[in-house]
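One structure is given here, and the rest of the page talks about it.
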Ligand SMILES: C[S@@+](CC[C@H](N)C(=O)[O-])C[C@H]1O[C@@H](n2cnc3c(N)ncnc32)[C@H](O)[C@@H]1O
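In our numbering, the protein residues as written are 541 to 742.
Shown next as structure tokens:
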């Protein structure tokens, strides 16, 4: 009997729903998250950003329009194609669990709503690989739905953690957390399902 791989099924879910995902997310306001990364990046020169789990390319286009050199990465083939077409950026088709990234290459990594798809058992290893891909003092931004535990609902896998658990992983993988906040802005904490973290490579 074939064993079910929840991570492959997660990618297949995005593949099967790529157009509706784009329609549902292309106008999301993530300005607070852009600012959390951009204000910590070098102000001049060639500044490279890896959009990790870029989806159909909304944020690649944003970064390109602001003068950065963004590269996308996603495991879903149709998102890679959509992101290339929409943003005209380079987009790497890679699974988070089998990364092949250049060393000391990126000034920043923008991981919007993507790290929670990494299995907890591989989370530290992936953070280490992203650390290696960052330049000295490079910045990793991530935003994830928070919670407690790993869940697979039949179509998507998620690893939901609260701040203290993230902090342990980031410390163990060679980062210092320099900021964190909850979203949506201004809502009561129990209704703020999203946790954003800004971490610096040590
Ligand atoms: C919730 S979407 C976020 C997309 C985009 N960053 C945004 O903010 O709209 C999660 C993204 O992670 C990608 N993804 C999920 N599991 C993956 C895996 N194992 N390897 C590579 N990409 C994966 C999906 O294809 C999808 O683009």
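Think of the CB as a built atom: it goes at the ideal place given N, C-alpha and C, for glycine as much as any other residue.
It should be emphasised that the depicted structure is a prediction, and the values quoted were computed from it without experimental measurement.
Measuring only the C-alpha atoms, how far is residue i from residue j?
{"i": "residue 598", "j": "residue 590", "result": "13 Å"}
{"i": "residue 553", "j": "residue 696", "result": "7 Å"}
{"i": "residue 555", "j": "residue 674", "result": "29 Å"}
{"i": "residue 661", "j": "residue 731", "result": "28 Å"}
{"i": "residue 572", "j": "residue 688", "result": "25 Å"}
{"i": "residue 559", "j": "residue 566", "result": "10 Å"}
{"i": "residue 694", "j": "residue 610", "result": "33 Å"}
{"i": "residue 604", "j": "residue 578", "result": "12 Å"}
Closer than 7 Å by C-beta to residue i: which residues in its own chain qualify, once you throw out the five before and the five after it? Chain order, please.
{"i": "residue 576", "result": "681, 719, 736, 738"}
{"i": "residue 602", "result": "574"}
For residue i, which of helix, strand or coil comes out of DSSP?
{"i": "residue 682", "result": "strand"}
{"i": "residue 727", "result": "coil"}
{"i": "residue 544", "result": "coil"}
{"i": "residue 655", "result": "helix"}
{"i": "residue 557", "result": "coil"}
{"i": "residue 713", "result": "coil"}
{"i": "residue 745", "result": "Beyond the ends of the chain as shown, which are 541 and 742, falls residue 745; an answer cannot be given."}
{"i": "residue 588", "result": "strand"}
{"i": "residue 705", "result": "helix"}
{"i": "residue 698", "result": "strand"}
{"i": "residue 595", "result": "coil"}
{"i": "residue 563", "result": "helix"}
{"i": "residue 581", "result": "coil"}
{"i": "residue 665", "result": "helix"}
{"i": "residue 674", "result": "strand"}
Against chain B, with Cβ distances strictly below 7 Å, would residue i count as a contact?
{"i": "residue 595", "result": "Within the model displayed, chain B is absent; a lone protein chain is all it includes."}
Once the 5 residues before and after residue i are set aside, which same chain residues still bring their CB inside 8 Å of it?
{"i": "residue 581", "result": "587, 589, 608, 647, 648, 679"}
{"i": "residue 664", "result": "709, 712, 713"}
{"i": "residue 672", "result": "641, 643, 644"}
Rounded C-beta distance between residue i and residue j? I'm assuming under 8 Å.
{"i": "residue 620", "j": "residue 551", "result": "Wrong, their Cβ atoms sit about 11 Å apart, outside the cutoff."}
{"i": "residue 656", "j": "residue 699", "result": "5 Å"}
{"i": "residue 653", "j": "residue 683", "result": "6 Å"}
{"i": "residue 734", "j": "residue 686", "result": "7 Å"}
What does a CB cutoff of less than 6 Å around residue i pick up in its chain, not counting 5 residues either side in sequence?
{"i": "residue 716", "result": "740, 742"}
{"i": "residue 562", "result": "596"}
{"i": "residue 632", "result": "613"}
Which runs of the alpha helix (DSSP H), 4 residues or longer, sit entirely within the stretch 600-640? 617-627
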